[in-house]
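>
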Ligand code: FES
Ligand code: FES
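Protein chains in written order, with the working numbering: chain A, 1 to 806; chain B, 807 to 970.
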């Protein structure tokens with residue numbers, strides 16, 4: 001078939017643009033073991049770094065003796081805080097405006113904290129040397145409970161700032177207090193609560209967990225003494241931000257630093273922050289003049305780099321007798337660990353937790369978050385979610401269930417009568433957000449119908465009868481969740497991290513023969529950017545996706561951007577991609593008009609070409625235009641065809657979803673089985689449905705893990721009880737169910753292609769769906785609230801406490 | 807530490823070298839031989855990212871000393887492409903059914919699937935799920951991995967039938 005005989009539809013299809021289930025271009029390498037992850041990098045003369053870590057959660061470091069380690073053949077250096085202090089690098093700034101010890105400076109604040117950095121010729125020698133470093137500790141009283149941490153006589157954890165009354169986010173009211181963040185109208189909310197027909201009150205705990213990507217964090221730092229140029233390959237979700245931070249703290253000029261994110265084996269928020277390992281590797285490379293690799297092992301990963309959640313959320317929700325919600329009140333005690341290393345935009349110390357009014361039209365609300373130091377690892381990252389949105393989703397979706405119990409109402413119906421209506425968008429929430437678009441009722445009805453909700457409730461009622469009659473020991477839980485996310489940070493006017501505005505970027509060059517390369521400020525960690533961004537370009541430019549190379553992750557070549565997390569790549573960089581493409585198209589239009597000898601306004605875009613209006617046989621394809629752009633002198637136009645766009649979104653995007661989980665629970669063993677899971681996602685315009693579905697499967701499985709067993713647990717001495725994959729729950733293929741995916745499409749009105757972002761929704765909305773299923777199974781027997789994770793033991797305990805084992 | 811001499815066959819090629827007796831097979835493959843398909847996700851035999859085929863069995867190479875592999879025949883994901891360099895059936899099905907995202911678990915997963923289909927050429931979905939339960943994936947939720955393996959089994963069986 002030639003170009004001439006193809007219909008516009010056929011031409012469009014051949015581009016593999018937006019909406020196409022395009023196979024991923026990354027996979028040819030990955031399926032053959034030809035990925036290039038950080039631990040695959042091997043440079044001549046490369047050394048290995050490894051940490052000596054604290055076995056104690058809170059202790060004074062009395063002395064460090066590295067003589068025996070240094071004497072071991074193959075050991076090149078041992079760094080301690082004393083060595084870093086003259087460079088001012090024994091502490092580093094965190095993303096949250098706090099500072100964190102790079103190596104223990106006088107004391108340690110959590111188990112697994114970095115105390116010394118050993119550099120040796122190979123991994124094995126480095127590990128041996130770690131054992132030979134002698135550290136003398138004096139144990140101090142440990143605080144792992146954030147409520148205890150705020151008592152007047154609680155031990156002082158951060159001696160460095162104990163007298164500091166003002167923190168990065170306002171006044172501190174106690175030596176272990178970090179910040180107070182208030183939103184909404186307290187007075188009005190409390191008045192509503194006082195006068196309400198019904199008020200439901202509950203403490204909801206979202207436990208501490210960890211993103212645990214299959215690849216741990218690591219880097220290779222290489223200082224070239226001759227050129228003065230520092231190159232760092234690493235597991236960075238935000239390579240440009242890392243470059244700026246490295247420059248600011250090391251004093252090395254930014255143009256002399258090159259940060260490269262190679263293939264990344266999953267991130268989920270774990271790879272957003274800056275870790276002591278990066279700083280130590282850079283220093284070690286400068287000191288030794290050789291490249292230095294540091295890759296943490298799994299135990300180090302779970303114990304020291306970026307945990308997630310750990311929010312104690314006290315809620316009060318008010319309603320009329322017939323179920324209209326009239327107000328929401330929330331106080332959060334946020335356990336941040338030993339240092340405040342949350343990855344949140346500067347003005348949002350609790351992230352976007354103020355999205356906690358969810359999908360509901362709640363007239364008035366008040367939120368207060370107190371951040372607290374404890375003897376636990378620092379972090380507080382968005383584990384496959386937008387900043388603290390997962391906590392917010394869990395909070396409101398539990399509060400709705402509790403209110404339904406209080407009202408004696410069906411929880412699906414309670415949601416239905418309180419949803420923000422389609423005609424209310426753009427909707428201004430009581431806690432300050434402007435939701436861009438949504439159609440919650442349509443999605444909800446579609447979901448309920450798909451699972452035959454009424455039928456399920458009948459089955460459940462019957463099951464309860466049979467249980468009571470002693471005919472079965474299994475209960476049926478129906479877990480509901482409807483949540484609105486807030487992603488795509490974000491407008492630079494209110495979103496920055498350490499002063500870096502959260503825009504993103506794309507640079508496109510069309511080659512003379514009509515193929516192209518695009519470079520972005522984001523970085524894929526499995527999302528398939530090389531595939532999907534090419535699809536956006538294919539649709540915008542009329543160039544087949546297979547003729548477009550997408551490159552990310554090298555700060556020397558890619559335009560500046562804030563990276564990939566918080567589902568921001570599609571909303572922000574995806575928009576930049578479309579905008580840059582439109583600049584190219586504008587120039588292409590002038591070239592086409594010139595070649596066709598008509599006025600600019602007399603040609604129009606048609607899939608992959610400009611045609612003369614009313615005369616479609618006369619056209620110039622993008623390919624022809626590209627060639628002319630470089631090889632023909634066109635009056636008034638510079639040669640070439642390229643463009644760059646830095647996109648600062650006018651607003652966030654607000655994807656939403658309706659999830660329903662049907663779970664069987666064995667009352668005697670606490671075992672559970674997901675019988676059905678229906679997931680409807682509305683992420684606006686869909687770029688690659690295959691990839692969206694894959695993201696939903698993966699995010700739901702993470703949600704399953706979190707809700708049903710995954711946690712970072714500490715004992716009262718501050719020992720990590722779940723530091724290996726033996727204890728830290730990751731579902732295998734065996735306990736993971738099949739998911740049914742579905743969608744509605746409500747495009748974002750302010751986004752150039754209407755896309756809203758999807759990667760994280762399933763984790764955000766999945767957790768309440770699984771957890772609500774467990775709660776729902778026991779609702780008839782009086783269960784109101786049971787904290788996650790719902791592992792077999794804890795489920796058994798629920799049944800025991802309800803007297804179901806008698 | 808004194809070193810011992812090891813000789814093994816990796817992806818059809820004879821290799822030998824000196825290694826400390828405590829050196830793990832995964833480190834020998836990755837660091838001495840530059841075979842970086844098998845990955846390290848835990849070094850405690852929980853994740854399966856390091857899975858290779860050793861004398862016709864799936865093993866987690868982080869839990870095998872290279873000295874134990876002396877004389878063994880090892881296949882890694884690098885050895886599973888067709889002789890002409892095109893993707894092998896399992897690899898192709900993983901691509902077709904979107905059975906991978908970040909790709910970190912993929913080499914271990916595909917190597918395991920390869921052995922599973924030798925052990926059981928006609929697995930049910932349950933058997934596939936059970937058979938790969940030693941390999942963790944954080945990205946895909948397994949649904950498409952299972953689909954890919956089932957599709958590979960069907961295609962391999964059809965090819966076998968056609969050849970008979
Ligand atoms: S690295 Fe071998 S099983 Fe995880
Ligand atoms: S594809 Fe990322 S761990 Fe499996």
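Ideal placement from N, C-alpha and C gives every residue a C-beta, glycine not left out.
For clarity, every value in this text was computed on a predicted model and none was experimentally measured.
1) Relative to the alpha-carbon of residue 651/A, which residue among 357/A, 492/A, 411/A has its alpha-carbon at the smallest distance?
2) Note down, in chain order, all residues in the region 37-51 of chain A with a beta-carbon under 8 Å from any beta-carbon belonging to chain B.
3) Roughly how many angstroms separate the alpha carbons of residue 769/A and residue 487/A, rounded to a whole number?
4) By Cβ distance, which residues of its chain are closer than 7 Å to residue 55/A, with the 5 residues on each side in sequence left out?
5) In the DSSP assignment, what residue or residues form a beta bridge with residue 337/A?
6) Using alpha carbons as the reference points, say which of 232/A, 619/A, 573/A, 600/A lies closest to residue 636/A.
7) So residue 65/A is in the beta strand (DSSP E); what residue range does that whole segment cover?
8) What does residue 838/B touch in chain A if you count any residue whose Cβ is under 7 Å from its own?
9) Would you call the region 21-39 of chain A in contact with the region 905-924 of chain B, where contact means no fewer than 3 C-beta pairs closer than 8 Å?
10) How long is the line joining the alpha carbons of residue 868/B and residue 846/B, rounded to whole angstroms?
11) Assign residue 1/A to one of three DSSP states: helix, strand, or coil.
12) Does chain B have any CB closer than 8 Å to the CB of residue 511/A?
13) In chain order, which continuous runs of the alpha helix (DSSP H) of length 4 or greater are located wholly inside the region 286-336 of chain A?
14) Let's see if you can read the secondary structure: which residues bound the beta strand (DSSP E) around residue 755/A?
15) So what does DSSP say about residue 748/A, is it helix, strand or coil?
16) With 8 Å set as the bound, which would you pick, yes or no: does the beta-carbon of residue 31/A sit closer than that to a beta-carbon of chain D?
17) Residues of chain B with CB closer than 8 Å to the CB of residue 28/A, please, in chain order.
18) Per DSSP, residue 592/A forms a beta bridge with which residues?
19) Tell whether a beta-carbon distance below 8 Å holds between residue 313/A and residue 206/A.
20) Beta carbons nearer than 8 Å to chain B: which residues of the region 632-648 of chain A have them?
21) Cβ atoms of residue 950/B and residue 904/B: under 8 Å apart, would you say?
22) Of the choices 716/A, 742/A, 513/A, whose alpha-carbon is the least far from that of residue 628/A?
23) When you measure from the CB of residue 856/B to every non-hydrogen atom of ligand 1, does any distance come out below 7 Å?
24) Sort out for me which residues DSSP pairs residue 209/A with in a bridge.
25) Helix, strand or coil for residue 765/A? Go by DSSP, reduced to three states.
26) For residue 817/A, count neighbouring Cβ atoms within 10 angstroms of its own Cβ and tell me buried if that reaches 16, exposed if not.
27) Could you tell me which chain A residues have their CB closer than 9 Å to the CB of residue 874/B, listed as they occur along the chain?
28) Could you tell me whether the Cβ of residue 938/B comes closer than 8 Å to any Cβ of chain A?
29) Going straight from the alpha carbon of residue 2/A to that of residue 907/B, what length do you get?
30) Roughly how many whole angstroms lie between the Cα atoms of residue 579/A and residue 402/A?
31) May I ask you to report which of helix, strand or coil DSSP gives residue 540/A?
32) Say yes only if the C-beta of residue 701/A is nearer than 7 Å to one or more non-hydrogen atoms of ligand 2, and no if none qualify.
33) Quick test of your reading: residue 79/A and residue 116/A, contact by CB under 8 Å. State the CB separation rounded to the nearest angstrom.
34) On the CB-based measure, 16 or more other CB atoms within 10 Å of its CB, does residue 352/A come out buried or exposed?
35) Which residue from 204/A, 7/A, 19/A, 434/A puts its Cα closest to that of residue 537/A?
36) Reducing DSSP to helix, strand and coil, say where residue 682/A ends up.
If we stick to the structure as given:
1) 492/A
2) 37, 39, 40, 42
3) 20 Å
4) 111
5) 373/A
6) That would be 600/A, whose Cα lies nearest to the Cα of residue 636/A.
7) 59-65
8) Result: empty, since nearest Cβ-Cβ is about 11 Å, beyond 7 Å.
9) yes
10) 8 Å
11) Confidence is the limiting factor: at residue 1/A the pLDDT is only 40, short of 50, which leaves the residue's position unreliable, though a coordinate-based value still follows. Coil, per DSSP.
12) No, residue 511/A lies away from the interface with chain B (no Cβ there is under 8 Å from its Cβ).
13) 298-304
14) Neither: residue 755/A is in no beta strand (DSSP E) and is coded neither H nor E.
15) coil
16) Within the model displayed, chain D is absent; protein chains A and B are what it includes.
17) Using a Cβ-Cβ cut-off of 8 Å, residue 28/A is close to 893, 901 of chain B, given in chain order.
18) Per DSSP, none; premise fails for residue 592/A.
19) The criterion of a C-beta distance shorter than 8 Å is satisfied by residue 313/A and residue 206/A.
20) none
21) yes
22) 513/A
23) yes
24) 308/A
25) helix
26) Given that chain A is displayed from residue 1 to residue 806, the structure contains no residue 817/A and the question cannot be resolved.
27) Within chain A, no residue comes near residue 874/B; the closest Cβ sits about 17 Å away, beyond 9 Å.
28) yes
29) Confidence is the limiting factor: at residue 2/A the pLDDT is only 47, short of 50, which leaves the residue's position unreliable, though a coordinate-based value still follows. Each residue's Cα considered, the two are about 35 Å apart.
30) 45 Å
31) helix
32) no
33) 6 Å
34) buried
35) 19/A
36) Looking at residue 682/A - three-state DSSP - the assignment turns out to be strand.
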